[in-house]
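Engineer: Structure incoming, see below.
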Amino acid sequence: MTGTEMERDDTTLADFFVAARRAAPAPSEALMARILDDAEAAMPRGADGRARPGPDPRRRGPLAWFGAFGGWGGVGGLATATLAGLWFGYAGLGDPVSLAASVSAALTGGGEAAETTDLLPGGETVALVAGWEG
Amino acid sequence: MSMPLDAEESRSDDALLALYGQGDRLAARVLALRLTPVALRVAQRMLGDPAEAEDVAQEAMLRLWRAAPGWQPGAAKVTTWLYRVVVNLATDRLRRRRTVALDDAPEPEDGRPGALAGLIEADRAAALQAALMVLPERQREAVVLRHLEGLANPEIAAVMGVGIEAVESLVARGKRGLVTALAARRGELGYDGD
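Below, the structure is given as structure tokens:
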């Protein structure tokens, strides 16, 4: 293609290019809204406190166990169960064979066994542990 | 974190992208207002379809948001990067559909060539768009970037991933193709042609 041909093309097309530039499309409000929504959603995490999503419960650090057990109510129940376990162990009720024998004897009126069954052996110590005294 | 709007508007694209990466919503807004028209224009001229052009513009901007955290300031112009993304997205769509023939382009409203100067201009814009659509894609890219976006050849070369001589050749052949495509309608479009 010669220089003359190129110049002729430029002359011919000049008005068309001007017209096309003036007729350039403008973004609609809806498109801008979608793009800004995308910007919000794609905003890097942790960069903005308000945009930051809630922390992953699996990565909340050393106190994560607190929430995992259901907060104050759950931890309170766990403490009660722990104390109960201590009591069962200290009182010797953890042995199911002796406990069953004692209860059975009590229910059947079985003589001496009924006299020696004590469902709260060492109760005073339990009371100490639970803070009921002093 | 956000700066006043005036301060943000005076910032470079690079700086705004970095601010967006730090959670600055206002920076995102300024960037969107500045760059969405660019993406939409190029997409529309490449595709000739307003709905598809909007989709491409939105996707290109989404890729920009996602690129923000790893953006290297000064490594590339944001607009050059965006042009490249838009052109690639548009090319992908073009490959999935058949080329629209020039004859499918809308005709001037009521066959009154020269009735109103404004109408002629609108017709010329529509005719140029139709003529662009019959060009080979690479020629169309080069012509759009050179003559409608006003980019210099080195930047076009960077967008298209070719050398400057290749850009010059693509632009020249593209313009020849446009003249040929428009020649058939020169009377109704109000230009003399050759």
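These protein sequence lines are chains U and D, in that order.
Be aware that the first sequence starts at 115, since it is given in the working numbering, and climbs by one per residue.
Be aware that the second sequence starts at 2, since it is given in the working numbering, and climbs by one per residue.
Each residue gets a CB set at the ideal place from its N, CA and C atoms; glycine is no exception.
#1: Which parts of the segment 134 to 184 of chain D are runs of the alpha helix (DSSP H), unbroken and 4 residues or longer, counting only runs that do not cross its ends?
#2: 8 Å is my cut-off, CB to CB: does Thr126(U) come that close to chain D?
#3: I'd like to know if Leu149(D) contacts chain U, where contact means its C-beta is closer than 8 Å to some C-beta of that chain.
#4: Can you grab the Cα-Cα spacing for the pair Ala128(D) / Leu183(D), in whole Å?
#5: How close, in whole Å, do the beta carbons of Pro141(U) and Pro51(D) come, if the pair is a contact with beta carbons under 8 Å?
#6: Taking C-alpha atoms, which residue in Val163(D), Arg35(D), Ala185(D), Leu83(D) lies nearest to Ala132(D)?
#7: Flag this pair as yes or no: are the beta carbons of Leu90(D) and Val57(D) separated by less than 8 Å?
#8: DSSP three-state call for Trp72(D): helix, strand or coil?
#9: Do the CB positions of Thr80(D) and Val39(D) come within less than 8 Å of each other?
#10: Between Asn154(D) and the rest of its own chain, which residues show a CB-CB distance below 6 Å, the 5 nearest in sequence each way excluded?
#11: Report buried or exposed for Arg136(U), applying the criterion of at least 16 other Cβ atoms within 10 angstroms of its Cβ.
#12: Looking at the structure shown, is Arg12(D) part of a helix, part of a strand, or coil, going by DSSP?
#13: Between the alpha carbons of Pro114(D) and Val172(D), how many angstroms are there, rounded?
#14: What are the complete alpha helix (DSSP H) segments, minimum 4 residues, inside the segment 126 to 165 of chain U?
#15: Considering Cα atoms alone, identify which of Gln130(D), Asp124(D), Arg187(D), Val31(D) is closest to Glu10(D).
#16: Among Ala134(U), Thr125(U), Thr126(U), Asp152(U), which residue has its Cα nearest to the Cα of Glu122(D)?
#17: Residues in its own chain within less than 8 Å of Ala69(D) by CB, not counting five upstream and five downstream?
#18: Under 8 Å between C-beta atoms, does Trp66(D) make it to chain U?
#19: Here's the rule I'm using: 16 or more other beta-carbon atoms within 10 Å means buried, otherwise exposed. How should Ala155(U) be labelled?
#20: Is Ala106(D) close to chain U, meaning its C-beta is less than 8 Å from at least one C-beta of that chain?
#21: So what's Gln59(D) in DSSP terms, helix, strand or just coil?
#22: Could you give the DSSP three-state label for Arg67(D): helix, strand or coil?
#23: With a threshold of 8 Å between beta carbons, is Leu167(D) in contact with chain U?
#24: Leaving out five residues before and five after Glu53(D) in sequence, what residues of the same chain have Cβ atoms less than 7 Å from its Cβ?
Structural biologist: Here's the rundown:
#1: Correct list: 138 to 144, 154 to 161, 165 to 184.
#2: Translated into the one-based positions of the first sequence, residue 126(U) becomes position 12. It does: the Cβ of Thr126(U) has a partner Cβ on chain D nearer than 8 Å.
#3: For the purposes of this step, residue 149(D) is identified with residue 148 of the second sequence, where counting begins at 1. Yes, contact with chain U.
#4: For this step, residue 128(D) is matched to residue 127 along the second sequence. For this step, residue 183(D) is matched to residue 182 along the second sequence. Distance between the alpha carbons of Ala128(D) and Leu183(D): 7 Å.
#5: Position 27 of the first sequence holds residue 141(U). Position 50 of the second sequence holds residue 51(D). Actually they are not in contact, since the Cβ atoms of Pro141(U) and Pro51(D) sit about 11 Å apart, beyond 8 Å.
#6: Indexing the second sequence from 1 puts residue 132(D) at position 131. The candidate whose alpha carbon is nearest that of Ala132(D) is Ala185(D).
#7: Here the question's residue 90(D) lines up with position 89 in the second sequence. Here the question's residue 57(D) lines up with position 56 in the second sequence. Contact flag set, yes.
#8: Taking the first residue of the second sequence as 1, we reach residue 72(D) at position 71. Trp72(D): coil per DSSP, three-state reduction.
#9: Mapped onto the second sequence, residue 80(D) falls at position 79. Mapped onto the second sequence, residue 39(D) falls at position 38. Yes, they are a contact pair.
#10: Here residue 154(D) is taken as the residue at index 153 of the second sequence, counted from 1. Cβ neighbours of Asn154(D) within its own chain (closer than 6 Å, five residues either side excluded): Ile165, Val168.
#11: Along the first sequence, read from residue 1 onward, the residue named residue 136(U) stands at position 22. So Arg136(U) counts as exposed.
#12: Position 11 of the second sequence holds residue 12(D). Coil.
#13: In the second sequence, counting from the first residue as 1, residue 114(D) sits at position 113. In the second sequence, counting from the first residue as 1, residue 172(D) sits at position 171. Per-residue confidence for Pro114(D) stands at a pLDDT of 42, beneath the threshold of 50, marking its modelled position as unreliable; the derived number appears in the next sentence. Going by the C-alpha atoms only, they are around 29 Å apart.
#14: Taking only runs of at least 4 residues, the alpha helix (DSSP H) segments lying wholly in the segment 126 to 165 of chain U are 143 to 156.
#15: Stepping through the second sequence from its first residue, residue 10(D) is reached at position 9. If you compare the alpha carbons of Gln130(D), Asp124(D), Arg187(D), Val31(D) with that of Glu10(D), the shortest gap goes to Val31(D).
#16: Working through the second sequence from its first residue, we reach residue 122(D) at position 121. With distances taken between Cα atoms, Glu122(D) lies closest to Ala134(U).
#17: The sequence position of residue 69(D) within the second sequence is 68, counting from 1. So the list reads Leu18, Ala19, Tyr21, Gly22, once near-sequence residues are dropped.
#18: Along the second sequence, read from residue 1 onward, the residue named residue 66(D) stands at position 65. By this cut-off, Trp66(D) is an interface position.
#19: For the purposes of this step, residue 155(U) is taken as the residue at position 41 of the first sequence. Answer is exposed; the Cβ neighbour count stays below 16.
#20: Start at 1 with the first residue of the second sequence, and residue 106(D) comes out as number 105. With a pLDDT of only 48 at Ala106(D), under 50, the local geometry of the prediction cannot be trusted, and the value read off the model is given with reservation. So, not an interface residue.
#21: Translated into the one-based positions of the second sequence, residue 59(D) becomes position 58. Helix.
#22: Translated into the one-based positions of the second sequence, residue 67(D) becomes position 66. Of the three classes helix, strand and coil, the one that applies to Arg67(D) here is helix, per DSSP.
#23: As a first step, residue 167(D) must be located in the second sequence, where it is residue number 166. Note on residue identity: the sequence assigns Ala, not Leu, to residue 167(D). Not one chain U Cβ lies under 8 Å of Ala167(D).
#24: For the purposes of this step, residue 53(D) is taken as the residue at position 52 of the second sequence. Contacts found: Arg94.
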